[in-house]
Amino acid sequence: MTQLEHVIGYTFQQPAYLQQALTHSSFAHEKKQPALCNERLEFLGDSVLSVVVADYLFHHFPHLPEGELTRIRAASVCEKALFGFATQIGLGDYLLLSKGEQHTGGRTRPSILADAFEALIAAIYLDGGLEPARTFVLTYVVPTLDAHRTAAFKDYKTMLQEVIQQNPEDRLTYLLVEESGPDHDKLFRYEVRINSNLVGTGAGRSKKEAEQAAAREALRLMGLEETPAKS
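Residues in the sequence shown are numbered consecutively from 178, following this note's numbering.
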């Protein structure tokens with residue numbers, strides 16, 4: 178465990194937290210000590226991870242609407258991302274697994290490694306507080322945000338305007354066609370038109386976000402923007 182502490186750059190005051198974070202339920206049940214597995218830490222770590230990433234995005238991406246922030250956060254804390262972080266630190270080598278789990282590839286299974294990474298976050302949080310946990314999380318998450326940042330900052334309205342400007346006679350207008358929901362949770366729907374022709378529609382939690390969505394739809398229909406992948 179000392180080697181893992183060196184890898185992650187954090188030394189535990191109470192090593193029992195680290196021990197529990199590394200203990201998979203299969204090992205705990207095999208040893209007849211189910212209370213010592215990392216499932217409860219995983220639950221807490223998921224929440225700490227979400228708060229840390231949301232706080233970072235909120236303060237470092239001040240111009241992004243809620244929808245884009247949500248998408249970036251989801252991509253940064255999904256199982257695939259956490260598996261990647263766990264692989265970076267060789268977390269699978271330190272896990273305590275049952276013999277059966279080891280024989281079936283548990284040390285490299287994405288779900289097990291992702292859960293253990295969340296448990297490790299919780300262990301650091303419980304041992305040292307939020308700041309060490311924040312430092313640990315952001316060490317791995319921030320580099321991945323750069324990959325999402327370019328896409329998140331695409332200004333589809335500007336892109337569409339530049340396309341339309343190639344025809345000086347054309348006029349681009351955005352029209353609010355629907356506004357629904359309570360004041361704290363509004364949904365806006367916009368149409369974008371070239372002259373009188375409807376070329377795209379979009380919805381969002383703010384007028385700006387809805388306009389951007391409409392512009393993106395117009396670009397997609399023109400073959401200038403990729404179709405969003407379905408989740």
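No residue lacks a Cβ here, since even glycine has one placed at the ideal position from N, Cα and C.
- Distances from the alpha-carbon of arginine 311 to those of Tyr367, Arg382, Ser227, Ala198 put Ser227 closest.
- With fewer than 16 other beta carbons inside 10 angstroms of its own, lysine 257 counts as exposed.
- Shortest Cα-Cα distance from glycine 222 to any of Pro211, His237, Glu386, Asp304 involves Asp304.
- Around the beta carbon of alanine 193, fewer than 16 other beta carbons sit within 10 angstroms, so the residue counts as exposed.
- Of Val254, Phe260, Leu259, Ile266, the smallest CA-CA separation from methionine 178 is found for Ile266.
- In the displayed model, glycine 306 falls within coil according to three-state DSSP, outside both helix and strand.
- A residue is called buried when at least 16 other Cβ atoms come within 10 angstroms of its Cβ; cysteine 214 meets this threshold and is buried.
- Looking at the DSSP output, arginine 366 sits in a beta bridge with Glu355, Ala380.
- A straight line joining the alpha-carbon of arginine 284 with that of asparagine 372 spans about 59 Å.
- Bridge partners of asparagine 374 according to DSSP: Ile371.
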